[in-house]
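If you read the protein sequences in the order shown, they are chains A and B.
Residue 250 in the working numbering is what sits at position 6 of the first sequence, and the numbering runs on without skipping anything.
Residue 82 in the working numbering is what sits at position 19 of the second sequence, and the numbering runs on without skipping anything.
Everything below concerns the one structure shown next.
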Amino acid sequence: MSILVDKNTRLLVQGITGREGEFHTRQTLDYGTCVVAGVTPGKGGQFACDGRVPVFDNVREAVEATGANTSVIYVPAPFAPDAIIEAADAGIGLIVCITEGIPVNDMIQVKAYLDMKGVRLIGPNCPGLLTPGQAKVGIMPGHIAMPGPVGVVSRSGTLTYEVVYALTALGIGQTTCVGIGGDPIIGTRFVDVLALFEADPETKAVVLIGEIGGNDEEVAARFIAERMTKPVVAFIAGRTAPPGKRMGHAGAIIEGGTGTAAEKIAALEAAGVRVAEHPEQIAQMVTEVIRA
Amino acid sequence: MKLHEYQSKRIFAQYGIPVQEGEVATTPQEVRSLAEQMGSPVVVKAQVLVGGRGKAGGIKLAQTPQEAEEVAARILSLQIKGLPVRKVLVARAADIRQEIYLGIVVDRAAARPVMMASSEGGVEIEEVARTHPDAIKKVHIDPFVGLRSYQTLGLAKSIGLPSALHRDFGRIAQGLYRSFVECDASLAEINPLVITPEGTLLALDAKIVLDDNSLFRHPDLAQLRDIDEETSSERAAREAGLSFVQLDGDIGCMVNGAGLAMATMDIIQHFGGMPANFLDIGGGARADRVATALRLILADPRVKAILLNIFGGITRCDEVARGIVSVLDELRPHLPIVARLVGTNEAEGRQILESSGYGIITATTLAEAAQKAVAAARAT
Numbered sequence: 245m246s247i248l249v250d251k252n253t254r255l256l257v258q259g260i261t262g263r264e265g266e267f268h269t270r271q272t273l274d275y276g277t278c279v280v281a282g283v284t285p286g287k288g289g290q291f292a293c294d295g296r297v298p299v300f301d302n303v304r305e306a307v308e309a310t311g312a313n314t315s316v317i318y319v320p321a322p323f324a325p326d327a328i329i330e331a332a333d334a335g336i337g338l339i340v341c342i343t344e345g346i347p348v349n350d351m352i353q354v355k356a357y358l359d360m361k362g363v364r365l366i367g368p369n370c371p372g373l374l375t376p377g378q379a380k381v382g383i384m385p386g387h388i389a390m391p392g393p394v395g396v397v398s399r400s401g402t403l404t405y406e407v408v409y410a411l412t413a414l415g416i417g418q419t420t421c422v423g424i425g426g427d428p429i430i431g432t433r434f435v436d437v438l439a440l441f442e443a444d445p446e447t448k449a450v451v452l453i454g455e456i457g458g459n460d461e462e463v464a465a466r467f468i469a470e471r472m473t474k475p476v477v478a479f480i481a482g483r484t485a486p487p488g489k490r491m492g493h494a495g496a497i498i499e500g501g502t503g504t505a506a507e508k509i510a511a512l513e514a515a516g517v518r519v520a521e522h523p524e525q526i527a528q529m530v531t532e533v534i535r536a
Numbered sequence: 064m065k066l067h068e069y070q071s072k073r074i075f076a077q078y079g080i081p082v083q084e085g086e087v088a089t090t091p092q093e094v095r096s097l098a099e100q101m102g103s104p105v106v107v108k109a110q111v112l113v114g115g116r117g118k119a120g121g122i123k124l125a126q127t128p129q130e131a132e133e134v135a136a137r138i139l140s141l142q143i144k145g146l147p148v149r150k151v152l153v154a155r156a157a158d159i160r161q162e163i164y165l166g167i168v169v170d171r172a173a174a175r176p177v178m179m180a181s182s183e184g185g186v187e188i189e190e191v192a193r194t195h196p197d198a199i200k201k202v203h204i205d206p207f208v209g210l211r212s213y214q215t216l217g218l219a220k221s222i223g224l225p226s227a228l229h230r231d232f233g234r235i236a237q238g239l240y241r242s243f244v245e246c247d248a249s250l251a252e253i254n255p256l257v258i259t260p261e262g263t264l265l266a267l268d269a270k271i272v273l274d275d276n277s278l279f280r281h282p283d284l285a286q287l288r289d290i291d292e293e294t295s296s297e298r299a300a301r302e303a304g305l306s307f308v309q310l311d312g313d314i315g316c317m318v319n320g321a322g323l324a325m326a327t328m329d330i331i332q333h334f335g336g337m338p339a340n341f342l343d344i345g346g347g348a349r350a351d352r353v354a355t356a357l358r359l360i361l362a363d364p365r366v367k368a369i370l371l372n373i374f375g376g377i378t379r380c381d382e383v384a385r386g387i388v389s390v391l392d393e394l395r396p397h398l399p400i401v402a403r404l405v406g407t408n409e410a411e412g413r414q415i416l417e418s419s420g421y422g423i424i425t426a427t428t429l430a431e432a433a434q435k436a437v438a439a440a441r442a443t
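As structure tokens, then:
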């Protein structure tokens, strides 16, 4: 078992003929993911990735022809909001937006629209999803992961890889790794993914990787205390970040004295979560909670 | 991107908000002649992109043109939170009966804009939030239906504004929301919005922070960037597409990915060191971008050691190593460098670093790399 993506995922790639889109689609195909279609307006009828993926002009035609049920978006930021809404309108149920740099005001509208339609969005500005051995949707390197009992959810990219790599090195596999993205407005938050992991029978423990900015980690802490039976190990990046400075991710900023790592760590620890001091400690703590 | 008060006021004025506008000056003599034209008293306000100008002595009232010239000379020689004051705003002083606060930000948890008002204006809203959270009234704005008049009238009533001013307040609130949306702001704030003795509303201060991600569709607003307000390193980083934040320590960091870069800073501190910077070279960085990043770190005279932490996915370790060695060959620095390369082409990357002859210290884990960097910084 796993969450969100698995062997039944029929993936559509929006922006498949772009540099990023084509590069990552090749890796997605090589991982064994079922990629059924690509979309690039004006390039319908062509094939991408050495003839392996048919390209359509729009999402509706691609869905009708191929039965795609999940979309991954590599479209540049100015066009990504349109791509997300197009996928939702075409009946795609899970949209994963990798694109970085989408204006916040656009995401406010997109999120309100998707909420009305009941469509799930992962991202934007995220590395995507990886269910080891089944499906890779996005840019996470597949070889660092292996199937197993730990669910991973993170606001970060390479920091997630670091943690997954360390887990795998200790022989601890993952059910699904979910990168929810580093922007202030994201489609799916920690609590949404925690609920899915809690309901997934294969997931025995969860790793949560947060960072400064916003209060999603505090909300997650409340959820863990009230609703979760599975153990959670966490890490919060940005203990030493100065206030008022945007630390790379648009959402990673301490504003008005809130969103600090100290507050998040305190909230998680109060909820019974073990919080690691540095990334490599996470894998060690996970082995301990799994054995216990 | 933050805008200056005078820039923000000009934008608010375009949206029908009554503002105390004034003129910008860069010398005490200009301030004097402006005061003569406007008629005294005037207020002279430092234009720097940091909060707390008043407390730092950057805002002064002057009763005469002579006094305006004197206070301007003092303000223009100030450094506020490290930023030299290069411009002042001169405006006819306004009498104040009451100060209120009005602002809009994005509420991340609600995923929509929130308008906040308070009868306790004139101080930082964070301060009010700490001391009198009940004094801040909020309405969330639906992106599809916008800010409705019942909401603004409700806000006006809830902060105890006299009912004669409710409609004017509503017009100001609507103007503020339109400016927020149309400029793609992440913050639009009037603090204080004052009630004058004549019983009218007037914006005495103005603050707009633009969403950097939207500047591509606002070339006019992007031009308002004040390059004097960036350090030369910050400007070089921005132009090279690097995320860079200057910090106070002595260990320069170069990392791919924002979360990993923060975690790298944290682990340096965990082992007793202090990071000199946050630096994310981004995904898939080529040798030239890596070289720019290393030059930025080396330009900081406080840096005593460098920690390179690369987790290669799209980023290739050999490409990073080539960028590093090109700068080492050019600048020949005498700093210890600790490199930890993992992932795509890590063997090639390590090979390039080892054969460079610079005695680069290598490490396998992040903890090991951080400890070695801290030790190296202490030893130099």
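Cβ coordinates follow ideal geometry from the N, Cα and C atoms, glycine included.
Computed from a prediction, not measured in an experiment: that's the story for all the values here.
Which class does residue i belong to by DSSP, given the choice of helix, strand or coil?
i	result
Tyr409/A	helix
Ala251/B	strand
Met491/A	coil
Ala379/A	strand
Ala402/B	strand
Asp231/B	helix
Ile344/B	coil
Lys65/B	strand
Ser419/B	coil
Ser246/A	coil
Leu287/B	coil
Gly223/B	coil
Ile143/B	strand
Over the uninterrupted beta strand (DSSP E) stretch that includes residue i, give me the two end residues.
i	result
Met178/B	Arg175 to Ser181
Glu455/A	Ala449 to Glu455
Asp311/B	Run containing Asp311/B: none; DSSP gives neither H nor E here.
Thr375/A	Gly372 to Thr375
Phe479/A	Val476 to Ala481
Ala88/B	Glu86 to Ala88
Tyr164/B	Gln161 to Asp170
His203/B	Ile199 to His203
Asn372/B	Ala368 to Gly375
Val257/A	Leu255 to Gln258
Leu338/A	Leu338 to Cys341
Using 8 Å as the limit for Cβ to Cβ distance, is residue i near chain A?
i	result
Ala430/B	yes
Pro338/B	yes
Gln332/B	yes
Glu189/B	yes
Ala402/B	no
Gly322/B	yes
Contact criterion: CB-CB distance below 8 Å. Does residue i meet it with respect to chain B?
i	result
Asn313/A	no
Ala481/A	yes
Thr484/A	yes
Glu446/A	no
Ala334/A	no
Thr375/A	no
Met245/A	no
Taking the DSSP output, what are the residues bridged to residue i?
i	result
Val107/B	Lys123/B and Val153/B
Glu499/A	Thr502/A
Thr194/B	DSSP lists no partner for Thr194/B.
Arg518/A	Val477/A
Ala266/B	Val82/B and Leu256/B
Ile424/B	Val401/B
Pro338/B	Ile314/B
Ser398/A	Gly423/A and Ile453/A
Pro604/A	Outside the displayed span of chain A (245 to 536) sits residue 604/A, for which this structure offers no information.
Check for me: the alpha helix (DSSP H) holding residue i runs from which residue to which?
i	result
Thr420/A	No alpha helix (DSSP H) holds Thr420/A; the beta strand (DSSP E) holding it covers Gln418 to Gly423.
Gly386/B	Cys380 to Leu394
Arg364/A	That residue, Arg364/A, is in no alpha helix (DSSP H); its beta strand (DSSP E) goes Arg364 to Ile366.
Val437/A	Phe434 to Ala443
Asn349/A	Val348 to Lys361
Glu293/B	Element bounds for Glu293/B: n/a, residue is neither H nor E.
Lys435/B	Leu429 to Ala442
Pro523/A	Pro523 to Arg535
Any heavy atom of the ligand NAP inside 7 Å of the beta-carbon of residue i?
i	result
Thr284/A	Looking for the ligand NAP in the displayed structure turns up nothing, as the structure carries no ligands at all.
Query - Entirely enclosed alpha helix (DSSP H) segments - the stretch 280-324 of chain A, minimum 4 residues - result: 303-310
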